[in-house]
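K.L.:
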Amino acid sequence: MLALIALRNLFRNRRRTFLSLGIVSVGTAGLLLTAGFVRNSFDGLRDAVIQGGLGHLEVAPTSDIEGAASPADRSGRPPSFREWLTLRTTIEGRPHVRAAGAVIQFTGVATNGERSASFIGLAVEPDRERRMGMETKLRSGVNLPEKAALAGEDRVLLGVGLARALTAVPGDTIAVMAATPDGSLNAVDMTVAGLFTTGFQELDSRILKTQVVTGQRLLGTDLVNSLIVGLTETSATLQAETDLRRAFAGSVQPLSVLNWETRAPFYSQVRSLYSGIFAFLGTIVTLLVVLSISNTMLMSVMERVREFGALLAIGTSRAQLARLLIFEALWLGLFGAIAGSTLGLSLVSVINALRIDMPPPPGAVDPIQLTLAVVPGDVIGICAFMTVILAGAAVPPMLRVFRLQIVDALGHV
Amino acid sequence: MINVHQTLALAALTLAGIQLQSPDELLRRSDVGAFAPTSFRARLILTNQPQNARHEVEVWRSGEGKTLIRLLDPKDRGKYLLRLEGEVWLLAPSAKKPVHLSSSYRLYGGATLDEVLGIRLAQTYRVESASRERDPDGTLVTLELRAKSEGMLFPRVRYVVREATARPVSATYSLRSGRDVTSVEFLHWNESGLVFARSLVVKDLLRKGALTEVEVLDLQERAIPDGLFSLDDSAARRALEATTSRTP
Amino acid sequence: MRLPESPAFEARGLFKTYVQGKVTVEALSGVDLTVPTGQFLVIAGSSGSGKSTLLHLLGGLDRPDRGKVFVAGTDLAGLTEHERTAIRRRDLGFVFQSFNLVPVLSAYENVEYGLWLDGMARHERRRRVEDALEAVGLADRMRHRPDHLSGGQRQRVALARALVHEPIAVLADEPTASLDSRTGADIVKLLLDLNATRRTTFVFATHDPAIIARSPRVVHLADGRVVDERRSAS
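Chains as they are written, first to last, in this note's numbering: chain V, 5 to 417; chain S, 61 to 308; chain P, 9 to 242.
1. Answer yes or no: does any C-beta atom of chain P fall closer than 7 Å to that of residue 303 of chain V?
2. Would you say residue 156 of chain S lies against chain V (beta-carbon separation less than 7 Å)?
3. Could you tell me which whole beta strand (DSSP E) segments of length 3 or greater appear in the region 131-164 of chain V?
4. Scan the region 91-165 of chain P and note each continuous alpha helix (DSSP H) run of 4 residues or more that stays entirely inside, going in chain order.
5. Assign residue 151 of chain P to buried or exposed, taking buried as 16 or more other Cβ atoms, counted over all protein chains shown, within 10 Å of its Cβ.
6. Comparing the C-beta of residue 242 of chain P with each C-beta of chain V, is any distance below 7 Å?
7. Taking the alpha-carbon of residue 221 of chain S as reference, which of S:232, S:113 and S:214 has the nearest alpha-carbon?
8. What is the rounded straight-line gap between the Cα of residue 127 of chain P and the Cα of residue 324 of chain V?
9. On the CB-based measure, 16 or more other CB atoms within 10 Å of its CB, does residue 373 of chain S come out buried or exposed?
10. Terminal residues of the continuous beta strand (DSSP E) containing residue 81 of chain S?
11. Considering only residues of the region 237-276 of chain S, which uninterrupted beta strand (DSSP E) runs meet the minimum length of 3 residues and lie entirely inside it, listed in chain order?
12. For the beta strand (DSSP E) that residue 278 of chain V lies in, which residues bound it at each end?
13. What are the residues of the region 128-140 of chain S that lie near chain V, defined by any Cβ-Cβ distance shorter than 9 Å?
14. Whether or not the region 88-102 of chain V and the region 272-288 of chain V are in contact is what I'm after, with contact meaning three or more pairs of Cβ atoms, one per stretch, closer than 8 Å; do they touch?
15. Assign residue 409 of chain V to one of three DSSP states: helix, strand, or coil.
16. What did DSSP end up calling residue 215 of chain S once you bin it into helix, strand or coil?
17. Taking 6 Å as the limit between beta carbons, can you name the residues of its chain near residue 406 of chain V, skipping five residues before and five after?
18. I need the DSSP call for residue 203 of chain P, collapsed to helix, strand or coil.
19. Which residues, in order along the region 7-20 of chain V, keep a beta-carbon less than 7 Å from a beta-carbon of chain P?
20. Evaluate residue 236 of chain P with the Cβ neighbour count: other Cβ atoms within 10 Å of its Cβ, from every protein chain shown; 16 or more gives buried, anything less gives exposed.
21. I'd like the list of long-range same chain contacts for residue 18 of chain P, defined as Cβ closer than 6 Å, with 5 residues on each side in sequence excluded.
22. At 4 residues or longer, what runs of the alpha helix (DSSP H) sit wholly inside the region 145-211 of chain S?
23. Under 7 Å between C-beta atoms, does residue 410 of chain V make it to chain P?
24. Where do the ends of the alpha helix (DSSP H) carrying residue 423 of chain V lie?
25. Could you check whether residue 165 of chain V and residue 208 of chain V sit closer than 7 Å to each other, using their CB atoms as the reference points?
26. Looking at residue 120 of chain V: is its Cβ nearer than 7 Å to the Cβ of residue 248 of chain S?
27. Return helix, strand or coil for residue 245 of chain V, following the three-state DSSP convention.
28. Examine chain S for any beta-carbon lying closer than 7 Å to the beta-carbon of residue 111 of chain V, and answer yes or no.
29. Note down the Cα distance separating residue 267 of chain V from residue 237 of chain S, rounded to an integer number of angstroms.
30. Which value, in whole angstroms, describes the spacing of the CA atoms of residue 39 of chain P and residue 332 of chain V?
31. Any beta-carbon of chain V closer than 7 Å to the one on residue 159 of chain S?
32. At a CB distance below 7 Å, what residues from the region 294-327 of chain V approach chain P? Give them in sequence order.
33. To the nearest angstrom, how far is the alpha carbon of residue 114 of chain V from that of residue 211 of chain V?
34. Between which residues of its own chain and residue 97 of chain P is the CB-CB distance below 8 Å, once the five residues before and five after are set aside?
35. Would you identify the three-state DSSP class for residue 52 of chain V, choosing helix, strand or coil?
36. If you check the beta carbons only, do residue 162 of chain V and residue 216 of chain V fall under 7 Å apart?
So this is what it looks like as structure tokens:
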């Protein structure tokens, strides 16, 4: 009955109730839009990290992983993965695996004869990259060929910044020099197939990409650093990781399996930072809504002092009156949250349809399209959150009721 | 027969001769960079520790400014390091053009070219102070050298020379901060015919345990064709490869 | 209907003081009163005489500064607020000058409210509510909300609410003050009838001479003291 009274009490002052509902709706819609932005940002960043070349998993010799404080520490280590060809076939036969491709990481100096620039090099298997859904963002020229290059026909992709430093365009020949695993040097002429961007300016000025066979030719080895594994769905990462670990438990060369999150501390850091920011903003929005509703409810209680006095007089306990107020707040929260969800979802549709471009984040090259990603779980969660948190709005009016003296309340005008 | 007086006089003259040898004179006489002939060909074994990695190279030198180092390891056949007037280039069979390297490039990650080939100390350094001490083998003179010009990688060198033979015992190179970074110990000398350091040890004082043992297998004074030092024309070098591949 | 052996109310040496701004008001100064069970008592007096204060103390709505109040033999002084609330809910009924019905509940629901507070079963609640509304003559208006009822009808609903749980006593503070004289007279007649038929103790606070005249017992208060008491033969 208290819930019924509370519900009916909402409509005693319709204007005030609609205003309150409006506040809660806007607050809910705001949280929903924020959640949608956050989810899309994280999903986008995750996909960019995975599709950008990291893949879902990496299989590498344990000796390479151990002793490296971070993934960045591993760059420049000579290739040491021996049975990679056999293991690649094994991996591609496992469930959830779309493809696996070898990778060699190396550094060195590239030169066009007049200008030189140091680089970070990646030797990959282009056909497998494409099967894993990894796209190279070409700015000019063509991608690396899928067929392995013969000696003297080596191709290379240059980051746009690196190409600028070397004044290289597609079709030019540059000499790429690197230190070999035994400490010697080697240089190989490569034809620039195309220029590409990683999405990050700093990396674009250093990055160079070629085929695994070319990298092996340059370094004088037939080994690779690791195998990158692309899965059919990201949600299967943990399962696939466990499966591969089990599969390689007895391998001759001890191997480690790393998931993308471990290899992308940047992602975790950005996620933590953004989560903190969004939590802070969300807290402010919620506080504003709660305080506003609390003030409104307090006004409503002041108008009903005599009524509360009478209820107390006829045997209603203060706790029951408090429950009445909580119910009023919960009803406001529920209706406001439902209205806000409807409003929020409508706004999400509109914003996504508008395809608004946002400026690129620091260090990035391309603008990002403003897209909000909302899932049913978010809607339900935010509705529930707003409904429940609004119970907090009932606290100040509850305290007022607890302090009521029955006789004074009965005589209240 | 030499009588006592003559012996004493000879001894006095000898002593006087030693005392009259100035530090600058000692530096000039012991300058390891000056020992090698102007134009020569040499074969060296470089052994890098702690990896115990052994590499064989051939050095062709003509004058001060031109040095060609041919890498003889099977994996490195056809590769050369060419130093012209202080600039270092890599010439690789799979690259048509030479690739410029840093002048402080370390051969197989070990010693630099200067450390292997020797610096002309008397030309580039002056003696700041000298001190003497004795060891079981005689008197050692420690010459504190300072670079004559600003901008030298090693502004200071501590050069220890055996006074009697004017042979360097060790050279320690320091950076501008005073930190010792490299030491070279001269172990054995070829005294018959050409005088040169037959074996020496180059230590990297910044990396614990890292050193390069240099062994000079042979050194021949000879005229070196200029074509070997051409950046653009590799014909002479190809001919050299062809010659040596035919030679067992 | 419970008829305890003890008097419905017993007040001994009641003192009560209020502070209004900077002024201290002695609302009651040593009031003694006993109300036997089943009695119809009017506490009369002008405004400020202390009649409402006495009513509040009898109903456990407030605590005296000095003195004791007994409800059906129970000393209110030793009770916690929770226990006093329970007594009001179970043993007492209240009727107010301005009705004080819950505006969002129908007549039926207003009367049912107290029974719901006590945790009574639905079917039992229904029976009692219908009986109570029948007793006050509003059986045909039970679905109407207060804003669709006249003043007299609202007061009847309030009366039904006060009686539905068969209390020991009903306390009414100026129940006819907001009504016209005819309606007020009807209400008083109803109260007298209920008192006669149900033997419910009624304690009225009023300054209305018409009601005072019809009451079998009247206690006059002035300046917080009992100054006169009249009992009629009926």
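The beta carbon of each residue, even a glycine, is placed where N, CA and C say it ideally should be.
P.N.:
Once the coordinates are examined:
1. The sequence position of residue 303 of chain V within the first sequence is 299, counting from 1. So, not an interface residue.
2. Translated into positions along the second sequence, residue 156 of chain S becomes position 96. Yes - at least one Cβ of chain V is within 7 Å of the one on residue 156 of chain S.
3. 141-145 and 159-163
4. 115-125 and 130-143
5. Counting from one through the third sequence, the residue named residue 151 of chain P turns up at place 143. That one is exposed.
6. Looking up residue 242 of chain P in the third sequence gives position 234. Annotation note: pLDDT 46 at residue 242 of chain P (below 50); position unreliable, no value reported.
7. Your numbering for residue 221 of chain S matches position 161 in the second sequence. It is S:232.
8. Looking up residue 127 of chain P in the third sequence gives position 119. Looking up residue 324 of chain V in the first sequence gives position 320. If I take the Cα positions, the gap works out to 13 Å.
9. With chain S represented from 61 up to 308, any question about residue 373 of chain S goes unanswered, as that position is not in the structure.
10. Translated into positions along the second sequence, residue 81 of chain S becomes position 21. Counting along the chain, residue 81 of chain S falls outside any beta strand (DSSP E), and DSSP gives it neither H nor E.
11. 240-250 and 256-264
12. Residue 278 of chain V sits at position 274 when you count from the first residue of the first sequence. No beta strand (DSSP E) holds residue 278 of chain V; the alpha helix (DSSP H) holding it covers 269-307.
13. 131, 133, 135, 136 and 139
14. no
15. The residue you call residue 409 of chain V lines up with position 405 of the first sequence. Reduced to three states, the DSSP call for residue 409 of chain V is coil.
16. Mapped onto the second sequence, residue 215 of chain S falls at position 155. It is coil, neither helix nor strand.
17. Taking the first residue of the first sequence as position 1, residue 406 of chain V is located at position 402. Excluding positions up to five away in sequence, the list reads 322.
18. The sequence position of residue 203 of chain P within the third sequence is 195, counting from 1. If DSSP states are grouped into helix, strand and coil, residue 203 of chain P belongs with the helices.
19. 9, 12, 13 and 16
20. The residue given as residue 236 of chain P occupies position 228 in the third sequence. That one is exposed.
21. Locating residue 18 of chain P in the third sequence gives position 10, counting from the first residue. 42 and 78, listed in sequence order.
22. 173-177 and 181-184
23. If you number the first sequence from 1, residue 410 of chain V lands on position 406. Output row for residue 410 of chain V: interface = yes.
24. A question about residue 423 of chain V goes unanswered here, because the residues of chain V that appear run from 5 up to 417.
25. As a first step, residue 208 of chain V must be located in the first sequence, where it is residue number 204. As a first step, residue 165 of chain V must be located in the first sequence, where it is residue number 161. Cβ distance < 7 Å, so residue 208 of chain V and residue 165 of chain V count as in contact.
26. The count along the first sequence starts at 1 and reaches residue 120 of chain V at position 116. The count along the second sequence starts at 1 and reaches residue 248 of chain S at position 188. No, they are not a contact pair.
27. Residue mapping note: residue 245 of chain V aligns to position 241 of the first sequence, counting from 1. Note: residue 245 of chain V maps to helix in three-state DSSP.
28. Here residue 111 of chain V refers to the residue found at position 107 of the first sequence. Chain S, which has no Cβ nearer than 7 Å to the Cβ of residue 111 of chain V, makes this no.
29. Along the first sequence, one-based indexing puts residue 267 of chain V at 263. Along the second sequence, one-based indexing puts residue 237 of chain S at 177. Computed Cα separation, rounded: 39 Å.
30. The residue labelled residue 39 of chain P in the question sits at position 31 within the third sequence. The residue labelled residue 332 of chain V in the question sits at position 328 within the first sequence. Straight-line Cα distance between these residues: approximately 43 Å.
31. Position 99 of the second sequence, counting from 1, holds the residue named residue 159 of chain S. Chain V, which has a Cβ nearer than 7 Å to the Cβ of residue 159 of chain S, makes this yes.
32. 310, 311, 314, 317, 318, 319, 320 and 321
33. As a position in the first sequence, residue 114 of chain V is number 110, starting the count at 1. As a position in the first sequence, residue 211 of chain V is number 207, starting the count at 1. Distance between the alpha carbons of residue 114 of chain V and residue 211 of chain V: 11 Å.
34. Indexing the third sequence from 1 puts residue 97 of chain P at position 89. Closer than 8 Å at Cβ, skipping near neighbours: 122, 125, 126 and 173.
35. Locating residue 52 of chain V in the first sequence gives position 48, counting from the first residue. Reduced to three states, the DSSP call for residue 52 of chain V is helix.
36. By one-based count along the first sequence, residue 162 of chain V stands at place 158. By one-based count along the first sequence, residue 216 of chain V stands at place 212. No, Cβ-Cβ distance for residue 162 of chain V and residue 216 of chain V is not below 7 Å.
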